[in-house]
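Notes for the one structure printed next.
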Ligand SMILES: [Zn+2]
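Numbering (our numbering), first residue to last: 334 to 482.
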């Protein structure tokens with residue numbers, strides 16, 4: 334189970350709309366505890382694929398280090414990655430599976446004709462043969478109630 338606030342889900346959707354028709358990508362910073370994994374911050378990355386940015390994204394070793402440093406700075410962990418699928422469903426591709434690492438959450442947002450659609454999350458099996466869906470729980474942060482007197 335991956336916990337995401339509505340605000341963070343929105344920012345992932347917006348990033349996918351901004352880079353459309355290319356894929357966006359970024360890192361998910363958060364906490365990973367026994368009772369669940371929670372995304373607290375995003376770390377947007379630049380899609381460095383010049384050959385086919387519409388259907389590929391790549392995370393370079395520098396991106397990886399920068400994302401880990403950003404997480405440490407905020408006292409969070411690097412818990413996963415997100416990217417968009419322009420005009421494709423929010424299902425991981427073969428390319429995604431071949432380039433994924435176990436343990437991390439892989440969030441995919443589908444963007445169809447500039448409109449954000451479904452958001453899904455996936456975890457790679459330890460033997461790396463397949464992705465298993467991970468349930469996303471979008472939490473609506475409750476605004477602090479005003480004290481009435
Ligand atoms: Zn993909």
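Beta carbons are placed, not taken as given, at the ideal position from N, Cα and C, and that holds for glycine.
heavy atom of ligand 1 below 6 Å from residue i C-beta
i: residue 429; result: yes
i: residue 385; result: no
i: residue 417; result: no
i: residue 391; result: no
i: residue 426; result: yes
Classification of residue i by the beta-carbon crowding that lies within 10 angstroms, buried from 16 upward
i: residue 481; result: Any reading at residue 481 must be qualified, since the residue scores a pLDDT of 49, below 50, and its modelled position is unreliable; the value itself is stated next. So residue 481 counts as exposed.
i: residue 449; result: buried
i: residue 438; result: buried
i: residue 428; result: exposed
i: residue 398; result: exposed
i: residue 453; result: buried
i: residue 394; result: exposed
Cβ-based neighbour list, residue i, same chain, cut-off 8 Å, excluding 5 preceding and 5 following
i: residue 451; result: 422, 423, 442 and 443
i: residue 364; result: 370, 371, 373, 409, 410 and 412
i: residue 343; result: none
Pick from the options that is closest to residue i, judged by C-alpha positions
i: residue 435; options: 445, 359, 462 and 446; result: 462
i: residue 396; options: 468, 358, 460 and 408; result: 358
i: residue 348; options: 367, 375 and 381; result: 375
i: residue 413; options: 433, 420, 458 and 406; result: 433
i: residue 360; options: 366, 459, 367 and 345; result: 345
i: residue 380; options: 373, 398 and 352; result: 352
i: residue 362; options: 368, 385, 336 and 426; result: 336
i: residue 415; options: 472, 446, 456 and 405; result: 456
i: residue 430; options: 447, 389, 366 and 340; result: 389
i: residue 354; options: 473, 470 and 446; result: 446
i: residue 401; options: 339, 338 and 377; result: 377
i: residue 367; options: 391, 406, 339 and 334; result: 334
i: residue 470; options: 458, 440 and 459; result: 440
Chain C within 7 Å of residue i, Cβ atoms only
i: residue 378; result: The structure shown contains no chain C, having only a single protein chain.
Cβ neighbours of residue i in the same chain (closer than 6 Å, five flanking residues each side left out)
i: residue 417; result: 349, 356, 357, 442 and 444
i: residue 425; result: 455 and 464
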